[in-house]
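Okay, so here's the structure we're looking at.
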Amino acid sequence: MILVLAMVIAGGIAAFFLWRHRSRRQEVADTPILLFQARKEAPEGSGHEVERGPGPEAGETQRRDLGKGPGRGAGKGPAPDAAEASGQPAQRSTTLSMDGPTKPTPTPGPQGVRGVRGPASSSVESSPPAPAAPSSPDVPSETVTAGPVSFDRAQEGTLQLLPGRFVIQSDAGKGEEIRFVRVPGAPAQITFGRSPGPPHRHVQLQSPTVSRLHAELSFAENAWTLRNHSSTNPTLLNGRSLGAQVSGVELQDGDRVEMGEVAFLFHQPEGHDRLATRSSWHTDRALRAMNQDAVLIRTLPGRRELAAVCDGMGSHEAGGLASRLALETLAGELEKGEELRRAVERANTKVRETMAEDPDLDGMGTTLVALLREDDRYTIANVGDSRAYRIDDEGIRQITRDHSFVAEAMASGEMSQEEALRSPWRHAITRNLGGGDSVQVDLFEGAPAATPHVVVLCSDGVHGVLDDKAIERVVRASPHVRDTARILCEEAIRNGTQDNVSAAVVAFGGGLSGGRSS
């Protein structure tokens, strides 16, 4: 009798827990699902959409299969390993989900670095170097054994649609968009790979050509940074491999990204105040008592971009004032829509007017070399002996011509290169801003911005001790363009420069081969 009673009680307890388990499952199934949905590319200017899933009556988790086009497919494709063994093309499932309640913290700059990454005066705004890529989140490494993975449920709060998007270029799903979302306040770090990943932070690509953890995107300061994680089949940016050693590359509008056989085209919406090109700048007084150089990198209205270096001259603080005035005036005129030559001429006038107001400033002036990008091309302006170099797969070449006594003597055949290097007049310039009521500005048309190359702007404190080949070696050896300007200045100091050192570096078209300086 006692045994029968015990069995009845045990059965009742089991029935109760079974009922609770089914109720909990029904609660989860009935919760509305907030979806990220890939869709066909919308016309320019169309609004961004966050699509919601079915209501309580649906009860099923939505699935997304790139092989099925824009519709919502619930079918399961073969696992990558199974598809590879059968010789059938693998279904590509793209799932985007992001999570993490913590607010991203800015990455601190390198410690113990001399100089400053900016102009000699805080009154000249500059864009800081690109932030270092954040460490990648852990992603499960187990093999995928199922077909398309369901979209994860959103955490509490509304998902935030981030700027920028991937447009699929591969045959399956071609033209569809992948847009990125996050819970407000969470770090925007998205991984791509064949394996499933953490909720709200992973895009799963079911293809045997994609690694379990293939790549990572991170969003900071209105820019997306791409980092490769695949050693067997590295991520390609504009056809160039991103090695595993590359800390990250900032994406710009129109970049083509390939992960295995899956290709995307990156688009960044207009109106974001960021340099579409990758860049860095650095200046250091070196052995001098004060820094008379100034550097500027700035995004201008109309999707234009400006980089400039000035090397001031004059007694006491006059040289530093001249270089700062020149950059402030140059940027201000360009922001008003003035053309580059006229903006440089206005900078010369400003230096002259300021000098006339104070006898202590008599004789002050500055060199100037500036790069202005407009649409798919750029122009370089030069006055003095600060230089612009172009480095590409074919080598290095000096774009500008020095306005100096020895350069003009060499051009006329009156002096050899060896004599110029030993001449006591090698630092004497024949043209500068502030030297007269008018100034002759040299303009040089640059290469198409889509062509992979790097442009270096630098003062004579750098190129006076580093020859062309030394500058090229530094640029090619730099792990990322955000480090290149600083490394150039440090190398000049190590080589015994007696002058202030300044450099601005801009990478175009994905930078150089092998992911260096890109």
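For reference, each letter of the sequence shown is one residue, going 293 to 810 in this note's numbering.
Even glycine gets a Cβ: it sits at the ideal position worked out from N, Cα and C.
- The Cβ neighbour count for residue 687, taken over all protein chains shown within 10 Å, is under 16; the residue is labelled exposed.
- In this structure, residue 540 sits near residue 518, with a CB-CB distance shorter than 8 angstroms.
- Secondary structure note for residue 481: its beta strand (DSSP E) is the uninterrupted segment 481-485.
- Of the residues 467, 595, 550, the one whose Cα lies closest to the Cα of residue 508 is 550.
- Per the coordinates, the alpha-carbon of residue 502 lies some 7 angstroms from the alpha-carbon of residue 553.
- In this structure, the alpha-carbon of residue 545 lies about 6 angstroms from that of residue 558.
- Contact between the stretch 639-657 and the stretch 595-608 is present: three or more C-beta pairs spanning the two stretches fall below 8 angstroms.
- Residue range 669-675 is occupied by the beta strand (DSSP E) that includes residue 671.
- In the displayed model, residue 686 falls within coil according to three-state DSSP, outside both helix and strand.
- As the crow flies, the alpha-carbon of residue 516 is around 38 angstroms from that of residue 640.
- In this structure residue 585 is buried. Its beta-carbon is surrounded by 16 or more other beta-carbon atoms within 10 angstroms.
- As the crow flies, the alpha-carbon of residue 793 is around 5 angstroms from that of residue 753.
- Membership of residue 709 in the alpha helix (DSSP H) is indicated by the continuous run 709-714.
- The shortest CA-to-CA distance from residue 510 to any of 638, 483, 533 is the one to 483.
- Counting only the Cα atoms, residue 643 lies some 10 angstroms from residue 619.
- Put simply, of 611, 626, 674 the residue whose alpha carbon is nearest the alpha carbon of residue 647 is 611.
- In the DSSP assignment, residue 589 falls within the unbroken beta strand (DSSP E) covering 585-592.
- In summary, residue 582 is exposed, with fewer than 16 beta-carbon neighbours lying within 10 Å of its beta-carbon over all protein chains present.
- Under the three-state reduction of DSSP output, residue 773 falls in the helix class.
- For the pair residue 571 and residue 600, the CB atoms are not nearer than the 8 angstroms cut-off.
- Straight across, the Cα-Cα distance linking residue 521 with residue 726 is about 52 angstroms.
- The shortest C-alpha to C-alpha distance from residue 531 to any of 555, 542, 514 is the one to 555.
- Our two residues, residue 497 and residue 684, have alpha carbons roughly 34 angstroms apart in a direct line.
- Look at the beta carbons and you see the stretch 780-799 touching the stretch 745-761: at least three pairs across the two are nearer than 8 angstroms.
- Contact between residue 682 and residue 739 holds, with the beta-carbon distance rounding to 7 angstroms and staying under 8 angstroms.
- Rounded to whole angstroms, the separation of the alpha carbons of residue 495 and residue 489 is 8 angstroms.
- Taking every protein chain shown into account, the CB of residue 722 has fewer than 16 other CB atoms within 10 angstroms, so this residue is exposed.
- Per DSSP, residue 731 lies in no beta strand (DSSP E) segment and is marked neither H nor E.
- Taking 4 residues as the minimum length, the alpha helix (DSSP H) runs contained wholly in the stretch 586-660 are 610-627, 632-649, in order along the chain.
- Taking 8 angstroms as the upper bound for CB-CB distance, residue 665 and residue 597 are in contact here, some 4 angstroms apart.
- According to the DSSP assignment, residue 701 belongs to the alpha helix (DSSP H) that extends over 697-703.
- In the structure shown, residue 456 falls within a strand segment according to DSSP collapsed to helix, strand and coil.
- In the three-state scheme derived from DSSP, where H, G and I count as helix and E and B as strand, residue 691 is classed as coil.
- Across the structure, residue 762 and residue 469 are spaced so that their CA atoms are roughly 44 angstroms apart.
- The alpha-carbon of residue 785 is positioned some 35 angstroms away from that of residue 730.
- For residue 494, the three-state secondary structure derived from DSSP is strand.
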